[in-house]
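Q:
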Amino acid sequence: MLDLFLEMQQRLGIAMLFISHNTAVVRHFSDSMVVMHHGDIVEAGSTVQICENPQSRYTRQLIESWLEPIVLGG
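Quick note on our numbering: the sequence shown kicks off at 243 and runs consecutively.
(1) Whose CA, out of V276, L248 and Q251, lies closest to the CA of Q291?
(2) In terms of residue numbering, what span does the alpha helix (DSSP H) encompassing D282 cover?
(3) I need the boundaries of the alpha helix (DSSP H) containing M250, first residue and last residue.
(4) Could you tell me the alpha carbon to alpha carbon distance between Q251 and D273, rounded to whole angstroms?
(5) Among T289, G287, H280 and S288, which one has its Cα closest to the Cα of Y300?
(6) Since I believe L244 is in contact with V267 (beta carbons under 8 angstroms), could you give me their beta-carbon distance rounded to a whole number of angstroms?
As structure tokens, this is what we get:
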């Protein structure tokens, strides 16, 4: 379904607002992103810029949590 949205966006040249907690999806489908904490914007910019060089402490902690492996049934 997400690939369909991406195809429509590219074909029609439209912008889309995508809200997700799934970081893999956000990194794959978004050119820019906003990081919010308790309803406040703590960082905004290109997805690459934020993921590679986060400026806020909260964003750094959030990105570090994405990189930690998830162990199921452990």
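Beta carbons: idealized from backbone N, C-alpha and C, even for Gly. What you are looking at is a predicted structure, and each value in this text was computed from that prediction instead of being measured.
A: Reading it off the structure:
(1) V276
(2) Here D282 belongs to no alpha helix (DSSP H); instead the beta strand (DSSP E) covers D282 to S288.
(3) L244 to L254
(4) 12 angstroms
(5) H280
(6) 7 angstroms
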